[in-house]
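These notes concern the structure reproduced below.
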Ligand code: GLC
Ligand code: CA
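Okay, structure coming up:
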């Protein structure tokens, strides 16, 4: 008989992650802003949904210019989110429910109001001057051509010091100098502090940007094509990989912890580069986002190619992960068209996400089909949106409050929420969707449950059968004791799938076929935008189980 579970269950490999943007999850104290006690109150929702780990966008002390991605104190929680005790309580209660907690570590920069920066900027010979990246120059001559991710030059002139400091992001986010040993040590202490407290892992913010060219060479110009597009001298410098390895060494001195890196590449979705951050697979990052699916249009062929390339970029001992949306881009569903077919597409994408080989990350609200919220100019809070309106409206659209119910403020808060709730919450909300067997939420939670029950899904091999050329992706997931078949139709065209010979199949979950229905067939009919997960019952009759 086949053994039941052929592999040890490893939470960050085999479990499902859920990304919480704390400001927008649940407000416990009526100030209109989500907080840690709010997450505590919703832990049982996460249990019902079935997720194994949560990743919280930053909750450290912050002036909130970039809503927490500008930290002034890495050891304490911002009062808007609660207290350190609240955080410890969250750890404890989450762990009691078998949910791991991963925090967001902002490495590349601090807030310009961090005491380190105040010291650094106080004089040329302050011991912390070198903690940030300062360069000589004058008002008319910037040190080089480096650009900020947020637009404009990455250099800010400091009148008093008559020097420039580097900011890869907003001006209020000066870049730390990771070439400085003391900076590295300061962060090792910060990591240790949270590890000792019991945090299960870290999402490393902008980790591929922490080291810049030592010689401050200009990034290559437009004419040099690829080099230019990759921001050759400001990303993915050899030293950043070394630092990741050091962090890994630290994490390995603890039990069962992990880190996942944010690796934004230029051009976007460069899987090989993201894969590089896993090094040999067990000595650097545990997981890295390559974001390739996030940048692809909804096309079976393009999705397949992206997945295939991502898998090819993962080292032998490494492990992939997949993500469809996050707090920086958009709600994925808003990419899938305008009419109701977008919900059909979103279910196809959901089944893909949760049946692929590799750890799935769900962005809060994705599981109920939350879409981008359109905001007026006066409602925009993201400095990026303010800066580039109306050409680019910023990131607020994907950060509006979680839609818990059809009631006031979508059940998120008793007060006016910090960002408006999407008016579609009267239709799209947790409360109503739990009761609806056809809802996005029911679909997501069924997928998560099935992923847990079937080792083929969380740990099995991935064997593609149809590679998206005619609008469908079909693949098997196979473990020693089972073989599953996944059919995904990315188009409205119906299709017939010939299996070659006759198979006995049982439907586990489907947008169109009846669950538990058994069939014996060599030809499967696939409906428009169908997503179906089946168990191949014939598998047990093959040679190896006789
Ligand atoms: C990451 C975060 C983004 C933030 C930036 C600067 O890309 O995801 O929200 O603005 O880093 O910290
Ligand atoms: Ca609050």
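Residue numbers (our numbering): 1 to 546.
Built from N, CA and C at the ideal position, the CB exists for glycine as well.
Check	Outcome
Tell me the DSSP secondary structure of residue 13 in three-state form.	helix
On the DSSP letters alone, give me the boundaries of the alpha helix (DSSP H) that residue 43 sits inside.	43-49
Any heavy atom of ligand 1 within a distance shorter than 8 Å of the CB on residue 463?	no
So, are the CB atoms of residue 463 and residue 526 less than 9 Å apart?	no
Who are residue 53's beta bridge partners in DSSP?	17, 100
Can you tell me whether residue 521 is buried or exposed, with buried defined as 16 or more other CB within 10 angstroms of its CB?	exposed
Just to confirm my understanding: we take residue 167, look at its own chain, exclude 5 residues before and 5 after, and list those with CB closer than 7 Å. What are they?	109, 148, 154, 156, 173, 174, 175
Starting from residue 73, trace the beta strand (DSSP E) in both directions and tell me its first and last residue.	73-77
Would you report the Cα separation of residue 510 and residue 422, rounded to the nearest angstrom?	29 Å
Output the distance between the C-alpha atoms of residue 51 and residue 488, rounded to the nearest integer angstrom.	23 Å
Taking the C-alpha atoms as reference points, what is the distance between residue 298 and residue 345?	8 Å
If you measure between the beta carbons of residue 395 and residue 363, is that distance less than 9 Å?	no
Straight-line CA distance for residue 391 to residue 316?	43 Å
State yes or no: is the C-beta of residue 550 nearer than 8 Å to some heavy atom of ligand 2?	Residue coverage of the chain in this structure runs from 1 to 546, which leaves residue 550 outside it and unanswerable.
With distances taken between CB atoms, is the gap from residue 597 to residue 60 smaller than 9 Å?	For residue 597 there is no data in the structure shown, the boundaries of the chain being 1 and 546.
Three-state secondary structure (DSSP) at residue 486?	strand
Residue 474: which of 307, 214, 72, 125 sits nearest, CA to CA?	307
Would you mind stating whether residue 567 and residue 450 have Cβ atoms separated by less than 9 Å?	No answer is possible for residue 567: it lies beyond the span of the chain, which begins at 1 and ends at 546.
Following a CB-centred definition, is residue 80 positioned closer than 8 Å to any heavy atom of ligand 2?	yes
Consider the C-beta atom of residue 264 and the heavy atoms of ligand 3; say whether any pair is separated by less than 8 Å.	Ligand 3 is absent from the structure shown, which contains only ligand 1 and ligand 2.
Any chance the CB of residue 69 is under 8 Å from a heavy atom of ligand 1?	yes
So who's on the other strand from residue 495, going by DSSP bridges?	526
Say whether the segment 36-47 touches the segment 236-247, bearing in mind that this needs 3 or more beta-carbon pairs closer than 8 Å, one atom from each stretch.	no
Going by the C-beta, is residue 205 closer than 8 Å to any heavy atom of ligand 2?	no
DSSP three-state call for residue 363: helix, strand or coil?	strand
So, using beta-carbon positions, are residue 547 and residue 269 closer together than 9 Å?	In this structure the chain extends from 1 to 546, so residue 547 is not present and cannot be described.
For ligand 2, which residues count as neighbours when the test is a C-beta closer than 5 Å to any heavy atom?	27, 29, 31, 33, 35
Throw me the rounded Cβ distance for the residue 104 and residue 56 pair, which I believe falls under 8 Å.	6 Å
Going by DSSP, which residues form a beta bridge with residue 155?	166
Report whether the distance from the Cβ of residue 117 to the nearest heavy atom of ligand 1 is below 8 Å.	no
Say yes only if the C-beta of residue 246 is nearer than 8 Å to one or more non-hydrogen atoms of ligand 1, and no if none qualify.	no
Give me the Cα-Cα distance between residue 461 and residue 513, rounded to the nearest whole angstrom.	25 Å
With a threshold of 8 Å, establish whether the CB of residue 327 neighbours any heavy atom of ligand 1.	yes
At a cut-off of 8 Å, is residue 199 close to ligand 1 when judged by its beta-carbon and the heavy atoms of the ligand?	no
What I want to know is whether the C-beta of residue 414 ends up closer than 8 Å to one or more non-hydrogen atoms of ligand 1.	no
Given this structure, state the Cα-to-Cα distance separating residue 336 from residue 470, to the nearest angstrom.	18 Å
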